[in-house]
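Residue numbers (the numbering used here): 2 to 117.
Right under this line is the structure:
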């Protein structure tokens with residue numbers, strides 16, 4: 002019953018957004034595209050974390066030489082695998098220890114919002 006009531010309450014907003022999408026509302030389409038890109042970026046990141054965890058490489062031990070603790074550029078997949086794993090681990094540490102709660106540019110929060 003509560004779910005049906007929520008659907009009925011949301012119906013006008015859903016219809017309005019559908020109409021805007023059908024009309025090609027540029028601002029809404031841009032927001033949708035941004036949300037999709039953020040969601041996909043976070044999805045790939047999470048898949049990499051799991052993959053490296055399963056291989057015992059999160060973090061890689063020993064840490065690879067040449068990767069600074071502040072280097073979070075894990076997206077560079079042309080780098081050696083241990084470098085990618087270390088950079089991803091650095092990104093995770095930064096997200097967990099950033100006192101602002103925003104992590105690396107607030108991507109985690111933006112991803113949660115984009116998924117909503």
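Glycine residues also receive a C-beta, built at the ideal position from the N, C-alpha and C atoms.
Discussion item. Just to confirm before moving on: does the CB-CB distance between residue 40 and residue 58 stay below 9 Å?
Written reply: One-based indexing of the chain shown puts residue 40 at position 39. One-based indexing of the chain shown puts residue 58 at position 57. No, these two residues do not count as a Cβ contact at 9 Å.
Worksheet item: Which stretch, first to last residue, makes up the alpha helix (DSSP H) that contains residue 4?
Response: In the chain shown, the residue the question calls residue 4 occupies position 3. Where residue 4 is concerned, the enclosing alpha helix (DSSP H) stretches over 3-23.
Worksheet item: Can the beta-carbon of residue 62 be found closer than 9 Å to that of residue 84?
Response: Numbered from its first residue, the chain shown carries residue 62 at position 61. Numbered from its first residue, the chain shown carries residue 84 at position 83. No.
Fill in: Residues near residue 49 in its chain [Cβ-Cβ closer than 6 Å; skip 5 each side]
Along the chain shown, read from residue 1 onward, the residue named residue 49 stands at position 48. Answer for residue 49: 89, listed in chain order.
Worksheet item: Starting from residue 39 and walking both ways along the alpha helix (DSSP H), at which residues does that stretch end?
Response: Translated into positions along the chain shown, residue 39 becomes position 38. Per DSSP, residue 39 belongs to the alpha helix (DSSP H) from 27-55.
Item to complete: With a floor of 4 residues, list each alpha helix (DSSP H) that falls wholly inside the stretch 60-100, ordered by position along the chain.
Response: 82-98
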